[in-house]
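*Asks:*
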Amino acid sequence: MGQVAFGPVFGQRRAYLANWLYRQAANRDRKHAERVAKLNSALPGWRSRPSGGLEQLLEHVRRYGRLPVLGSSTPPEEYALGKWLSVQRYALKKGTLYPERIARLDELLPAWRRPSG
22 MGQVAFGPVF GQRRAYLANW LYRQAANRDR KHAERVAKLN SALPGWRSRP
72 SGGLEQLLEH VRRYGRLPVL GSSTPPEEYA LGKWLSVQRY ALKKGTLYPE
122 RIARLDELLP AWRRPSG
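Residues in the sequence shown are numbered from 22 upward in steps of one, following my numbering.
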């Protein structure tokens, strides 16, 4: 019973913490290097956590043999994956995609950098 009652709250706290970590990494103010160094010291590997988007993308490629596409008739699940991939490409172009993520994408999906269609 306790697990059912507290499950949603734990999920909300976990999502909040994940968003907080993301904001710490993404905030490129003058204290960025210091903040990242402290997080690296306190939580080794905090940036190399499994990517749900990447795992879903890999499953999509295994199932359909292609990267997802963005289009008006694209099913919502595929559209979301296409959007996630688009965000990764944009971050790469801006120079804000972490090297660990680039290496993982390059290793698992060599064609990820090229937009399909």
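Glycine included, each C-beta is placed from N, C-alpha and C at the ideal position.
Determine, using beta-carbon pairs with one atom in the segment 86 to 100 and one in the segment 49 to 65, whether at least three such pairs fall under 8 Å.
*Replies:* No, they do not touch.
*Asks:* Does the segment 76 to 91 touch the segment 112 to 121, meaning 3 or more C-beta pairs lie closer than 8 Å?
*Replies:* The segment 112 to 121 is not in contact with the segment 76 to 91.
*Asks:* Using a Cβ-Cβ cut-off of 8 Å (strictly less than) and excluding sequence neighbours within five positions of residue 25, which residues of its own chain qualify?
*Replies:* Working through the sequence shown from its first residue, we reach residue 25 at position 4. Note that residue 25 has pLDDT 33, beneath the 50 cutoff, so the model's placement of it is unreliable and the number below is only indicative. Closer than 8 Å at the Cβ level, and outside the excluded window around residue 25, lies no residue.
*Asks:* By how many angstroms is the C-alpha of residue 51 removed from the C-alpha of residue 75?
*Replies:* The residue you call residue 75 lines up with position 54 of the sequence shown. The residue you call residue 51 lines up with position 30 of the sequence shown. If I take the Cα positions, the gap works out to 30 Å.
*Asks:* With 16 other CB atoms within 10 Å as the buried threshold, where does residue 79 fall?
*Replies:* Here the question's residue 79 lines up with position 58 in the sequence shown. When all chains shown are included, residue 79 counts as exposed.
*Asks:* Apart from the five residues just before and just after residue 100, which ones in its own chain have a Cβ nearer than 7 Å to its Cβ?
*Replies:* Within the sequence shown, numbered from 1, the residue matching residue 100 stands at position 79. Excluding sequence neighbours, residue 100 sits near 91.
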